[in-house]
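>
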Amino acid sequence: MKLAARLLTSLACLLAPAFSLYGQDAPHRLAARARGDTPLVRDLMELCDGIGGRPTGSPACDRAIEWAARKFREAGIENVSVEPFAAQSLWLPVSAEAAAVAPVKFPIRIAASPMSPSTKGPLEARLVDAGPGTPEAFAKLGGAVKGAIVLVHSSEMKSLDDLFSEYFRNGALLEAVRKYQAAALLLESTRPRGLLYRHPISLDANYAPLPTAVISREHAERLARLAEKGEVRVRLSMTNQTAPAYESKNVIAEIRGREKPDEIVLIGAHLDSWDLGTGAEDNGVNVAMVIDLARAFHQLGIVPRRTLRFALFTGEEQGMLGSQAYVARHRSELDRFAAMLAFDTGSGRLAGFFLNGREEMRRPIDRALDAVEGLNATQHVIDAIDGTDNFDFMISGVPNLVGIQDPIPYLPDYHAESDTFDRVNVREEKNTEAIAAALVWSFAENPDRPARRQTRAEVEKLVIDTKLDEQMKTFRQWDDFKAGKRGLF
5 MKLAARLLTS LACLLAPAFS LYGQDAPHRL AARARGDTPL VRDLMELCDG IGGRPTGSPA
65 CDRAIEWAAR KFREAGIENV SVEPFAAQSL WLPVSAEAAA VAPVKFPIRI AASPMSPSTK
125 GPLEARLVDA GPGTPEAFAK LGGAVKGAIV LVHSSEMKSL DDLFSEYFRN GALLEAVRKY
185 QAAALLLEST RPRGLLYRHP ISLDANYAPL PTAVISREHA ERLARLAEKG EVRVRLSMTN
245 QTAPAYESKN VIAEIRGREK PDEIVLIGAH LDSWDLGTGA EDNGVNVAMV IDLARAFHQL
305 GIVPRRTLRF ALFTGEEQGM LGSQAYVARH RSELDRFAAM LAFDTGSGRL AGFFLNGREE
365 MRRPIDRALD AVEGLNATQH VIDAIDGTDN FDFMISGVPN LVGIQDPIPY LPDYHAESDT
425 FDRVNVREEK NTEAIAAALV WSFAENPDRP ARRQTRAEVE KLVIDTKLDE QMKTFRQWDD
485 FKAGKRGLF
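Going by our numbering, the sequence shown wraps up at 493, each residue one higher than the last.
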């Protein structure tokens, strides 16, 4: 027995350094694999070219859900589940046509805005140019708006601030067209060269009060010039599929932790997209990355202390419905979440992370990224960000991060016809996977969590300190948060 005990002690001494080396080496092995020849590109082509654009509630989205679950299983992940959730206000585009009919005739390039109602057959009316669409502009037009198709101009989008400005004006626009009884609303595209995109006009579960669409920048400017000289008449016809309630699903895969399986590090991306393009940059490329990261941990046999959970949410484009439902469903687990990471801004270079008001996350991130220091993903921003799947984790106190990827190549293709596979920067996305691997490994392996869960009072302070409340009001989330319906404890 004593000999056996000595042998076991000696074996333990031999294995301890080996395990320590394994632990230190894991992020390097994961990063090397990520930057090599992996199935990421093949998966992305299957999703974007084989399935295409996938609005939540559409047959294409349902196929994408089945595809994603199958990909996780083929990667060797044993714990794969599909979690259904109830959603409100289905909106799917069917057809949209517009044309100038007087004083000259020409077709107008048009894309229906998500949450827009259909027209009741073809709608023909005079055009009223409301300039920038401010309350002052509508007040000046007054009664001329009633029964008219209103044109609102937009600045060309050149930055993230421009993108957010387009969303921030929605509330005032809808209030004005409702007040002055417009018949329809046409929004000038913020992108040149005829590029169209889906711009949600209503940012909650309520349908817009009137038919709304984006029209090409060039056609908007032509209509405006004609309107300066006299009456312009436009014909508009849109059909959209709507329903008060429907069901969608999140896809969840899990690698159980070896020592602390009840503690969780979650990395997520949204699987749904709009339909004009094929949802490559927004957000297929990060879906493929999350799947490949799960595959990497399994293939390399790397099992950290804590559980790794890989989540592909749907309903993100409709107001983060899938991640909201996930947080509600897993409310009892939230105290055990070590961190949540979300990736949702294309394939540009990953410069760092939004800390979402959690300054204490900076040091654990930088320690984790020592393993990939050559990729320079250290430009973190303290700002709290709304509009993607970290949101409900954040307002429920869970430590959370959102990747900051270079927006310049991403912005022109955002929700647009041009969001296709060929726009993806594969090299940079492989680097993103390497960085994500180092982070989730560190957060899941280190003895201590990167940060603790905040209390409701601390979250409320964070919301005000970071001015997150202003974003929440724009996205129609503030009232539910204040009432305790969103932000679960």
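Every residue gets a Cβ at the ideal spot worked out from N, C-alpha and C, and that includes glycine. Note that the structure is a prediction, hence the values are computed from the model and not measured.
Quick check: what's the CA-CA separation for E2 versus D133?
Beyond the ends of the chain as shown, which are 5 and 493, falls residue 2; an answer cannot be given.
> What residue from A247, V236 and L191 has the CA that sits closest to E222's CA?
If you number the sequence shown from 1, residue 222 lands on position 218. A check of alpha carbon separations from E222 across A247, V236 and L191 identifies L191 as the nearest.
> Three-state secondary structure (DSSP) at V108?
Counting from one through the sequence shown, the residue named residue 108 turns up at place 104. V108 falls in the coil class under three-state DSSP.
> Please report how far the alpha carbon of V402 lies from the alpha carbon of T311, in whole angstroms.
Here residue 402 is taken as the residue at index 398 of the sequence shown, counted from 1. Here residue 311 is taken as the residue at index 307 of the sequence shown, counted from 1. Looking at the two C-alpha atoms, the distance is approximately 16 angstroms.
> Whose C-beta lies closer than 6 angstroms to the C-beta of L51 among residues of the same chain, with five residues either side of it excluded?
Here residue 51 refers to the residue found at position 47 of the sequence shown. Within the same chain, L51 has close Cβ partners G288.
> Sort N290, E87 and T246 by Cα distance to L325 and report the nearest one.
Mapped onto the sequence shown, residue 325 falls at position 321. Answer by Cα proximity: E87.
> Can you list, in chain order, the residues of its chain with a C-beta nearer than 7 angstroms to that of A315? Leave out the 5 residues immediately preceding and following it.
Sequence index remark: in the sequence shown, residue 315 carries index 311 (1-based). Contacts found: N254, I256, L270, G272 and Y330.
> Could you pull the DSSP bridge partners for Y2 from this structure?
Residue 2 is absent from the structure shown; the chain starts at 5 and stops at 493.
> Label K144 either buried or exposed according to how many other C-beta atoms from any shown protein chain fall within 10 Å of its C-beta, with 16 as the threshold for buried.
The residue you call residue 144 lines up with position 140 of the sequence shown. Classification for K144: exposed.
> Going by C-alpha to C-alpha distance, which of G352, E267, A249 and R353 sits closest to R456?
To locate residue 456, count along the sequence shown from 1; it is residue 452. When only C-alpha atoms are compared, the closest one is E267.
> By Cβ distance below 7 angstroms, which residues in the same chain neighbour D483 in space, the five residues on each side in sequence not counted?
Translated into positions along the sequence shown, residue 483 becomes position 479. Same-chain partners within the cutoff: there are none.
> Return helix, strand or coil for V98, following the three-state DSSP convention.
As a first step, residue 98 must be located in the sequence shown, where it is residue number 94. Strand.
> Using the Cα positions of G147 and A249, report the straight-line distance between them to the nearest angstrom.
For this step, residue 147 is matched to residue 143 along the sequence shown. For this step, residue 249 is matched to residue 245 along the sequence shown. Roughly 37 angstroms separates the two Cα atoms.
> E170 to S158, Cα distance in whole Å?
Counting from one through the sequence shown, the residue named residue 170 turns up at place 166. Counting from one through the sequence shown, the residue named residue 158 turns up at place 154. One C-alpha to the other measures close to 8 angstroms.
> Shortest alpha-carbon distance to A381 belongs to which of E364, S252, F358 and S400?
In the sequence shown, counting from the first residue as 1, residue 381 sits at position 377. Checking every option, the nearest Cα to that of A381 belongs to F358.
> Looking only at its own chain, which residues have a Cβ that is under 7 angstroms from the Cβ of S422, when we skip the five neighbours before and after it?
The residue given as residue 422 occupies position 418 in the sequence shown. Excluding sequence neighbours, S422 sits near L199, G281 and P416.
> CA-CA distance, L18 and R33?
The residue labelled residue 18 in the question sits at position 14 within the sequence shown. The residue labelled residue 33 in the question sits at position 29 within the sequence shown. At L18 the pLDDT is 36, less than 50, meaning the model places this residue with poor confidence; the figure from the coordinates comes in the next sentence. Rounded to the nearest angstrom, the two C-alpha atoms are 22 angstroms apart.
> Which class does E87 belong to by DSSP, given the choice of helix, strand or coil?
For the purposes of this step, residue 87 is taken as residue 83 along the sequence shown, with counting starting at 1. Residue state, collapsed to three classes: strand.
> Are A129 and R299 closer than 8 angstroms when you measure CB to CB?
To locate residue 129, count along the sequence shown from 1; it is residue 125. To locate residue 299, count along the sequence shown from 1; it is residue 295. Taking 8 angstroms as the Cβ cut-off, A129 and R299 do not qualify as a contacting pair.
> Hey, how far is the Cα of D426 from the Cα of G234?
Position 422 of the sequence shown, counted from the first residue, corresponds to residue 426. Position 230 of the sequence shown, counted from the first residue, corresponds to residue 234. In a straight line, the C-alpha of D426 is about 44 angstroms away from that of G234.
> Could you name the residues of the same chain whose beta carbon sits closer than 6 angstroms to that of A209, not counting the 5 residues immediately before and after it, in chain order?
Position 205 of the sequence shown, counted from the start, is the residue given in the question as residue 209. Excluding sequence neighbours, A209 sits near Q92 and S93.
> Candidates H203, A116, D339 and T392: which alpha carbon is nearest H274's?
The residue given as residue 274 occupies position 270 in the sequence shown. Closest by alpha carbon: T392.
> Thinking just about the alpha-carbon of each residue, which of A217, R309 and A355 is nearest to the one in S241?
Mapped onto the sequence shown, residue 241 falls at position 237. Distances from the CA of S241 to each of A217, R309 and A355 were compared; the closest alpha carbon is that of A217.
> Starting from the C-beta of P31, find all residues in its chain whose C-beta is less than 8 angstroms away, skip the five residues before and the five after it, and write them out in chain order.
Working through the sequence shown from its first residue, we reach residue 31 at position 27. Closer than 8 angstroms at the Cβ level, and outside the excluded window around P31, lie A372, A375, V376, A441, A442, W445 and S446.
> Straight-line CA distance for P411 to K471?
Here residue 411 is taken as the residue at index 407 of the sequence shown, counted from 1. Here residue 471 is taken as the residue at index 467 of the sequence shown, counted from 1. Distance between the alpha carbons of P411 and K471 is about 22 angstroms.
> Let me confirm a value: A511 is counted as buried when at least 16 other C-beta atoms fall within 10 Å, else exposed. Which label applies?
The shown model of the chain, from 5 to 493, leaves out residue 511, and the question about it has no answer.
> So is P451 buried or exposed if we call it buried at 16+ other beta carbons inside 10 Å?
Translated into the one-based positions of the sequence shown, residue 451 becomes position 447. Looking at its Cβ environment, which holds fewer than 16 other Cβ atoms inside 10 Å, P451 is exposed.
> At what residue ranges does the segment 365-404 contain a whole run of the beta strand (DSSP E), taking only runs of 3 or more?
none
> Nearest-angstrom Cα distance between N244 and A448?
Here residue 244 refers to the residue found at position 240 of the sequence shown. Here residue 448 refers to the residue found at position 444 of the sequence shown. If I take the Cα positions, the gap works out to 45 angstroms.
> Leaving aside the five residues before and after A438 along the sequence, list all residues of the same chain whose C-beta is less than 6 angstroms from its C-beta, in chain order.
Looking up residue 438 in the sequence shown gives position 434. Answer for A438: A35, A38, R39 and V376, listed in chain order.
> State the CB to CB distance for the pair A188 and L127, rounded to an integer number of angstroms; the pair is presumed to be in contact (CB under 8 angstroms).
One-based indexing of the sequence shown puts residue 188 at position 184. One-based indexing of the sequence shown puts residue 127 at position 123. With a Cβ gap of about 6 angstroms, A188 and L127 count as contacting.
> How far does the beta strand (DSSP E) with A455 in it reach, from first residue to last?
If you number the sequence shown from 1, residue 455 lands on position 451. Neither: A455 is in no beta strand (DSSP E) and is coded neither H nor E.
> Hey, would you say N174 sits closer than 8 angstroms to L207, going by beta carbons?
Residue numbering aside, residue 174 sits at position 170 when the sequence shown is read from its first letter. Residue numbering aside, residue 207 sits at position 203 when the sequence shown is read from its first letter. Their beta carbons are under 8 angstroms apart, which means N174 touches L207 by this criterion.
> Between which residues of its own chain and R67 is the CB-CB distance below 6 angstroms, once the five residues before and five after are set aside?
Here residue 67 refers to the residue found at position 63 when the sequence shown is read from its first residue. Here the set comprises I55.
> Could you tell me the alpha carbon to alpha carbon distance between A116 and S220, rounded to whole angstroms?
Position 112 of the sequence shown, counted from the first residue, corresponds to residue 116. Position 216 of the sequence shown, counted from the first residue, corresponds to residue 220. Cα to Cα, A116 sits roughly 12 angstroms from S220.
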